[in-house]
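Contents: one structure, followed by commentary.
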Amino acid sequence: MVSIIEYVKSLDYYNLNKKLYYFERENKLFIYHIKTKKILLIEKNLEEKGYLVSTFIKDNNSIKLYKTSNLSIKDIKELLNNLDNYKANASINLENYMYHNKAYFFLTNACNLKCRYCYQESKPVKMNFSMSKKLIDMMIKNKRKTETDFQIRFFGGEPLLNYKLMKQIINYCSNDRFNENTTFNYYLSTNGLLLDSDKLSFMNDSNTKIKISVDGNREIFNYYRKSAKYKDVYCVLIKKLKEVFKCYPNELLTAGITNNYYNINFCENLKHAYEVGFRNFYVQFVCNNDFYEKRVPDILVEKYDEIINEYEKMLNFINIKMNLGQEIYVNLLDSFIKFLFAPLNSLCGCSAGIASCAYDDVGNVYFCQRFIGDEKYVIGNVEKGLNRQKIKTIRNYNVMDRCVNCPILNYCNGGCYFNNYKNSKILDNYLQYDCNIKIKLFEKLIYYTFKIAQKDIGFINNIYNKREFVE
């Protein structure tokens, strides 16, 4: 194996030409070809001379793991040269994506809980039906000619505090005023405490996908989620979930697991939500103002190894469940697989401002739902339409000079605009340790994608063809 590693290093791709990213694990060499998103797994073939090379082949919507044995270094060199010579129009034209088929409706910023990591700081707002209709009509008017599928995502605050409006919006979109080929998909992010049989019945009829916040066990959950009404919010939610699981399709439910750099027990929190009954999981970081005001770089340095280890444990847990034939879908792995096999000129990473936007109660269109209330990130309104030049200006902030030669640029796309902004009040700032964490996570995602595929390529295909999570 040493000879092939020395050969790849001798190419000096990563340091000079920025064509490859490679790493070793378990005496195997993983090569990621940045231009084509091809991944090669190279192993020493113990039974024959030469090397065993594995890679993925996509045929229409079917993904296969293709293996070639007894390859020489010369063969591998020719394979890499063929990838380098691949001609593809991989450039992304933002103009092609400035049609918002995914919109976050900010129903209210009122909430029945006070979570420690909540980033909502804006003045009290509550959207009304009249404004909602205008916003929906604007979304349809500004659509791409061939676009037929739209996503309406309800969030707040606690959006179910304005459930009447949510119901009105769904009913408005369900009648015959729009083209018969127009399809609306509904997503709800909620803490779950206000769900009841009537709401669940209505949402089931409209095929609404629901993300319910389940941050961990009883101790962790109650620490982060405070209520003036309930002393033990966790127990109230668990009781509510028993009703939910009885009458609502599990495939339409997602557990939202929020971690921050003070609570990085990804795997244990995931395991707990799995035991509760969920099979779909959206794991995310949310950094509140308290996090940014303190020694952020020091926290990342101190917990770097711990964070990387948690990612490893979480991906291994997914692999174990898959090997047992048990259903489990986690956004981190799922989004990576969708990225890996998407067309080369597809937009990956954050879709803020181009494929998605957020609406507030007075008809302003925001670049991202996390910027609601910050006028600098208003990209249009219901009366004047969209400011496309401003969208392009904001989008170009995030792909900075330091990103150009990053091996995972196409995957990360500059990271989270909001986190960059909160770190220093400008979009193009970043935390190097955060970048380092993402690159290590990228390696682990490559490793586990191969590991899972070698056991059951059908699992990879199920992920690739699965619907989106609730964000």
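Position in the sequence shown counted from 1, then plus 8, gives you the working numbering. The beta carbon of each residue, even a glycine, is placed where N, CA and C say it ideally should be. The model shown is predicted, which means the values in this text are computed figures rather than measured ones.
For this session: Name the two residues that bound the continuous alpha helix (DSSP H) containing N90.
Result: I81 to D92 is the extent of the alpha helix (DSSP H) around N90.
Exercise. Who pairs with T76 in a beta bridge, going by DSSP?
Worked result: For T76, the pairing in a beta bridge is given by DSSP as V61.
For this session: Taking C275 as part of the alpha helix (DSSP H), name the residues at either end of that continuous run.
Result: If you look at C275, you'll find it in the alpha helix (DSSP H) that goes F274 to V284.
Exercise. Would you call the region 72-92 and the region 366-379 in contact, with 3 or more CB pairs under 8 Å?
Worked result: No, they do not touch.
Exercise. Looking only at its own chain, which residues have a Cβ that is under 8 Å from the Cβ of I471, when we skip the five neighbours before and after it?
Worked result: The residues are Y337, L341, D342, I345 and K346.
Problem set entry | Contacting residues, own chain, Cβ-Cβ under 6 Å from N23 (five flanking each side not counted) | The pLDDT assigned to N23 is 45, lower than 50, so where the model puts this residue is not dependable; a value taken from the coordinates is nonetheless given after this. Only residues of its own chain outside the window of five on either side were considered, and among them none has a CB closer than 6 Å to the CB of N23.
For this session: Locate the beta strand (DSSP E) running through Q292, then write down its first and last residues.
Result: Segment N288 to F293, the beta strand (DSSP E) holding Q292.
For this session: Measure how close the beta-carbons of N327 and N69 come, nearest whole angstrom, since I'm counting them as under 8 Å.
Result: Distance from N327 to N69 at the Cβ level is roughly 23 Å; contact not present, criterion being Cβ atoms closer than 8 Å.
Problem set entry | Length of the line joining the Cα atoms of Y282 and E391 | Taking the straight line joining both Cα atoms gives about 45 Å.
Problem set entry | Endpoints, the alpha helix (DSSP H) within which C181 is located | Y171 to S182 is the span of the alpha helix (DSSP H), which, as asked, contains C181.
Problem set entry | Touch test, the region 118-128 against the region 245-254, Cβ-Cβ under 8 Å, three pairs minimum | Touching, no.
Exercise. If you run the structure through DSSP and keep just helix, strand and coil, what is N473?
Worked result: Coil at N473, not helix or strand.
For this session: Measure the Cβ-Cβ separation of G361 and R403 and say whether it is below 7 Å.
Result: Yes, the Cβ-Cβ distance between G361 and R403 is below 7 Å.
Problem set entry | Span of the alpha helix (DSSP H) around E227 | Note, E227: alpha helix (DSSP H), R226 to Y232.
Exercise. Using the beta-carbon count (16 or more within 10 Å), is P257 buried or exposed?
Worked result: So P257 ends up on the exposed side.
For this session: Give the DSSP-derived three-state secondary structure of E318 in the structure shown.
Result: For E318, the three-state secondary structure derived from DSSP is helix.
For this session: Measure the beta-carbon distance from C275 to L208 and round it to whole angstroms, keeping in mind my assumption that it falls under 8 Å.
Result: With 8 Å as the limit, C275 and L208 do not qualify as a contact, their Cβ atoms being about 30 Å apart.
Exercise. Out of I447, D464 and E155, which has the shortest C-alpha to C-alpha gap to Y29?
Worked result: Comparing Cα positions, the closest option is I447.
Exercise. What three-state label does DSSP hand E188 in the structure shown?
Worked result: The answer is coil: DSSP assigns E188 none of H, G, I, E or B.
Problem set entry | Among K149, K52, S197 and K234, the one whose alpha carbon lies nearest that of K122 | Ranking the options by Cα distance to K122, first place goes to K234.
Exercise. Can you list, in chain order, the residues of its chain whose CB lies under 7 Å from that of I380, leaving out five sequence neighbours each side?
Worked result: For I380, the CB contacts under 7 Å within the same chain, skipping 5 residues up- and downstream, are F114, S130, A366, D368 and Y374 in chain order.
Exercise. I399 to G333, Cα distance in whole Å?
Worked result: Taking the straight line from one Cα to the other gives about 44 Å.
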